[in-house]
Structure formats: C-alpha cells, structure tokens
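Top to bottom, those sequences are chains A and B.
Going letter by letter, the first sequence gives residues 1 to 222 in our numbering.
Going letter by letter, the second sequence gives residues 223 to 552 in our numbering.
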Amino acid sequence: MVIGERKPFEEITSMAEGNKKILVLGCGGCVTVCLTGGHDAVRVLSSQLRMARDKMGNPIEIIEKTVERQCDPEYVEEVHDIIPQVDAVLSMACGVGVQYMAERYMDTPVYPALNTTFVGGSKKEGYYVERCQTCGQCKLYYTGGICPIARCSKSLLNGPCGGSTKGKCEIDPQVDCAWQLIIDRLRSLNQMDRYEEIMTNNDWRTNRDGGPRTMVREDFQR
Amino acid sequence: MANKQGRWSTNDGQGGLSKMSSECKTESKLEKILRSGQFTVTGECGPPRGADPDVVRKKCRLLKDKADAFNITDNQTSVVRMSSISSSVIMMQEGLEPVMQMVCRDRNRIAMQSDILGAAALGVKNMLCLSGDHQKFGDHPQAKNVFDIDSIQLISMVRVMRDEGKFLGGEEIKGVPRLFIGAAKNPFADPFEIRVPRLAKKVAAGVEFIQTQCIFNLDKFSEWMKGVVDCGLHEKVFILGGVTPFKSFGMARYMANNVPGMDVPDEVLQRMKGTPKEHQAEEGITIAVETIKQLQAMPGIAGVHIMAIEWEEKVGEIAEKAGLLPRPSV
C-alpha cells in the first residue's frame, strides 16, 4: 500500500490560514489502513484545526467527509455538491488523491495534509516499512524475493557495499542491509549461484526517469 | 636499486603473480610496475575544500617519489571537495601519477562517461571505481543520490569503453580512454563469506587492480587472502593491501567505532592506548610498517596502498622504514 504520514500541524494550519470554510476529505484506501488519512484521522485533524482557529479568534468551518478512494474519478465525483460551499479542500489522501481532486475541481484550491512517504507494508500496527520503489522491472526473482533497489540505501544491484556491518546498513544501525538479507535468503534457498552472476546496468526508463508512467489494459479500452 | 626492489618481488612462484600478463594495456606507470612483478606502493591525496590549487601542490611535494601512484579521492565521505579530475591534473603538473577515484553516488552514466573521456584526454591513466559513501555522512545529507550504476557496472563500463571502444549505450567511441582500471575491496565488511565471491564479480567485470580497506586485523585479512589465492583470483587481479597509520589513540578509537566496515581489533587499540600520548604517532607508524612487512610475506599480495589521512608527510617515512624506497623508475 501507499504509506502517508501527516504533515506537521503548523504547516497544515498555515496552508489553510486564509480560508473560512474548508472540506477535510479523507480517503478509504491505503491511508486508512496505515491510520493517517481515513475517517478517524479526518475527525482528529478537523477538531484540532477548529480548536486552534478558535484560540486564534479566527474560527474555521469544516465539512468532514471520507470517500472510498480519492484515486478514482468515480469517488472523487461524490463531493461534487460540497465543493461550491467551501474555500478549499484539505485532502488527507496520498499525493495521487490530492491531484485527482485538483484535476477534477479546477477552481478550488486543494492542500495536501499528508506527506506521501513510500510503498510498503505494516510490520505491526502503526509501524510501516518500505518494500517497493516501483522501478517497473521487478528483479525479485534474482534476489531471493528481497528488493535491492528499494531496500539497499545505494540501490546497488551487485551489493553489498563495504559498509555492511553485522547485517546492518552503514547509514543507520536500525536499517537492515538488504544484501545481507538477500544472501541469507539465497543461501537458504540453495541459490547462491545467483549471487555470482553480475546484474547488468539497470534500464531506468521503466522507473520515473522515463517520464510519468501509464498502464493501459487494451481489452478495457472501448 | 633493482635488486632492492626485487627483494619484494612476488615473482618467485610463491605468490603466483607470475601468471599475470606482463603486457601493458595502458601508459600507466602503476600498471608497468605491477606487471613487472615489483612490490608496488600507492598513496593517497585528499583534495582541498576550496579552489586553491596550492593545497594540492603542497601535498604533492610531500608525496613525490614516495610511492608509484597516488589516489585522488572523489568527494570522500560525501563532503564537497575540489573535483578528482582537476586535482589529478594538478598532481600531474607536479610530476606525480594520479589514480582518479570515481564514485557512483553523484553522477549518472552520461556524466561518468563524459568525465572518463575528459580525464583520459587530460592525461589521467588510472582510475578507481567505487560505489561511494552514502551522502548521509557528508556535509550535504539533503542531496539526491544517483547510483545509476554500481561499482561493478562501472568497472565493466570503463573496460568496454577502453577495450571495445564502445559507450555503455553501444555507440562507437572515437578516441578510446586508455585507463588502468582499479577498484576497492573491504574484506572486513559483512557478510564475510561473500567477500571473495564479490571480488570474483569485480574481476569478472574487468578490474585490473584492487586496493583494500585499511588492514588492522591481519588474521582476518589473511583468512580472506587465503580464500582469494585458493580461487586463483590473485592471478587475475593485482591486490594492494591498504595500510593506514594511526596518529593517536583517539583516531584509532574513532576508526574502530565510527567508520562503517572498519575492523580494528582490541589488541591494536590497547597497544595505542598503552603508549604515552607523545609517542602514539610514532607507534602508529611502527604498526603500519609492521603491517606492510607482514603483507609483503603474504602470498598473492602485489603491493600496499598507504592511506595516511591528512598526514601525507608520513608516507615517505613509512615507505622508507618498510624498505620500499627508492621507488623504481620506469
């Protein structure tokens, strides 16, 4: 899922500074699962905003709503009637949702309440880790199911570097060395011969480096 | 002089270096000395954090004739410094042979190939291919890193540029860069078991010489080296053992605790600690000389790489005490 983290409250208040009435719009997708942008998060942020603005003697009116997914035109359409009533939208979706709102409602400012951080999963409740960098050419077959692009701090395809110490990365003793994990896994799979092959230069065209990406299912285009 | 140098020659069949080709592929003096079978010495020169060329010149004057070639670091520890290429050119003006370091952290394949052509055009004859320290350690931790290719892919890229006259993209190069190709190796990093296979990958990619991480743990180093010799890799690549003198106990402790991938055994730390402060620098040099002597006796070692960090004036003293001076002229 896409992981998002709420922006510092001061940044959020400064974005909405000149607005008297806003829509705080949650997303029922990934950010609900990672506890930062769903229905509950909308309620909490809205109350905080109201309290802060009351304290400043500059009250703000807030409409709270959460749609199924902000990355889908169908659900973004659901707030069509609310938009004319507000000065701005504070979107609690990932960057995709914020942009879908901005594209659909041309005359209404849309602010991001989250920093979209990474594509990952949960380790335990409230603890999320990065696993994929969406490079567009999955190499997990060769690396024992552990991604060196997302998980090696230098994205080395022929690692580990000389900074790998006791299974940890040189940048932080809390960070696992991806190549240690890859080697441990290849060994247990009896696939160490895969380590001996040189992985050639990556083709980054399928990554963001090739420009914005599109995926089209031709069979659905009628 | 030739006899003195010959003393350390590993061409006696013991080291197995005799199987290395004596035919040079470049005009590099470093390559010539290595291929002649003489025990080789390289040094290191860190460029300044400013645009004053005299800083490089001064270091060069301290280093001249104390080793066969000298690495010019490429923004080491991710701290911005004068570029490796320009410092290399200043070094050549002073009559020393540089080994231009290049890291994968700061440039993509387009910039790297362009710099390789430029360096060769300016007369650089050796380069060292490195991944590079993560920018987290430097003075610009906010920077975007590149790592378009990694150090092994860089080795292969330079080799193809030189030997096949082709860019990475496949187009023909008019005027190929004749560079002697090196890389670094840290035998002390984890996981230890892949440290020989990883060297094998660098050799398969086309590396011609290796400079190792600073050696303080000789037992672990010789264990790695034994693995290297057992695989016959010492017959495919020249290995120069890395030696760094401690200036003080403080430096030893810092390297032991703060530098990733550094292995400083407790007995070495205790030896520095047990030495009165005013004699610690001397002791550091003694340890470095002892290390060199042990490396000379080790099968498969082609030379040493002396990294006297911001202590360039001591390279000559260390080389002298280890019996490595004068350096051969080729």
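Cβ atoms here follow ideal geometry from the backbone N, Cα and C, with glycine treated the same way.
Three-state secondary structure (DSSP) of residue 214(A): coil
Nearest neighbour of residue 384(B), chosen from 280(B), 363(B), 428(B) and 525(B) [CA to CA]: Its Cα nearest to that of residue 384(B), the residue 428(B) stands out among 280(B), 363(B), 428(B) and 525(B).
Chain-order list of residues whose beta-carbon lies under 8 angstroms from that of residue 450(B) (same chain, five-residue window excluded): 418, 421, 456, 461 and 522
Proximity below 8 angstroms, CB of residue 227(A) to CB of residue 90(A): Since the first and last residues shown for chain A are 1 and 222, residue 227(A) lies out of range.
Pair within 8 angstroms by beta-carbon distance, residue 265(B) and residue 528(B): yes
Contact list for the stretch 363 to 380 of chain B against chain A, Cβ threshold 9 angstroms: 367, 369, 370, 371, 372, 373, 374, 375, 378 and 379
C-alpha distance - residue 42(A) paired with residue 70(A), whole-angstrom precision: Spanning the two alpha carbons is a distance of roughly 14 angstroms.
Any C-beta of chain A under 8 angstroms from that of residue 416(B): Yes - at least one Cβ of chain A is within 8 angstroms of the one on residue 416(B).
Run of the beta strand (DSSP E) containing residue 74(A), from where it starts to where it stops: For residue 74(A), there is no enclosing beta strand (DSSP E); the residue is part of the alpha helix (DSSP H) that begins and ends at 73 to 76.
Contact list for residue 390(B) against chain A, beta-carbon separation under 7 angstroms: 201
Min CB distance residue 170(A) to chain B below 8 angstroms: yes
Residue-chain proximity (residue 544(B), chain A), Cβ-Cβ < 8 angstroms: Output row for residue 544(B): interface = no.
Per-residue contacts from residue 196(A) into chain B (C-beta, under 8 angstroms): Within 8 angstroms Cβ-Cβ: 419, 422 and 423.
Minimum Cβ-Cβ distance from residue 190(A) to chain B less than 8 angstroms: no
Rounded distance between the beta-carbons of residue 334(B) and residue 306(B), thought under 8 angstroms: Your pair residue 306(B) and residue 334(B) does not check out as a contact, with CB atoms roughly 12 angstroms apart and the cut at 8 angstroms.
Short CB-CB distance (under 8 angstroms) between residue 458(B) and chain A: no
Continuous beta strand (DSSP E) assignments of at least 3 residues falling wholly in the stretch 514 to 538 of chain B: 523 to 528
Neighbour flag for residue 235(B) against chain A, beta carbons, 8 angstroms: Interpretation of residue 235(B) is limited by its pLDDT of 41, a score under 50 that renders its predicted location unreliable; the figure taken from the coordinates is listed afterwards. Not one chain A Cβ lies under 8 angstroms of residue 235(B).
Environment of residue 234(B) [buried if 16+ CB atoms lie within 10 Å]: Annotation note: pLDDT 42 at residue 234(B) (below 50); position unreliable, coordinate value reported separately. Under this definition residue 234(B) is an exposed residue.
Closer than 8 angstroms to chain B by CB, residue 161(A): The beta carbon of residue 161(A) falls within 8 angstroms of a beta carbon belonging to chain B, placing the residue at that interface.
Extent of the continuous beta strand (DSSP E) run through residue 123(A): 114 to 124
Residues sharing a beta bridge with residue 87(A), DSSP: DSSP lists no partner for residue 87(A).
Coarse secondary structure for residue 20(A), derived from DSSP in three states: coil
Distance between residue 9(A) and residue 28(A) (C-alpha atoms, nearest Å): 22 angstroms
Contact set for residue 556(B): own chain, Cβ-Cβ below 6 angstroms, skip 5 residues either direction: Past the edges of chain B, shown from 223 to 552, lies residue 556(B), and the structure says nothing about it.
Extent of the continuous beta strand (DSSP E) run through residue 174(B): This structure cannot speak to residue 174(B), because chain B is shown only from 223 to 552.
Stretch pair the stretch 98 to 113 of chain A + the stretch 122 to 132 of chain A: three plus CB contacts closer than 8 angstroms: With a cut-off of 8 angstroms on Cβ pairs, the stretch 98 to 113 of chain A is not in contact with the stretch 122 to 132 of chain A, counting fewer than three such pairs.
Length of the line joining the Cα atoms of residue 141(A) and residue 379(B): Cα to Cα, residue 141(A) sits roughly 25 angstroms from residue 379(B).
Straight-line Cα distance separating residue 531(B) from residue 248(B): 29 angstroms
Residue 196(A) burial status per 10 Å Cβ neighbour count (16 or more: buried): exposed
Inter-residue spacing [alpha-carbon to alpha-carbon] between residue 206(A) and residue 137(A): Going by the C-alpha atoms only, they are around 7 angstroms apart.
Distance, residue 505(B) Cα to residue 487(B) Cα: 16 angstroms
3-residue-minimum beta strand (DSSP E) runs that sit fully inside the stretch 432 to 469 of chain B, ordered along the chain: 460 to 465
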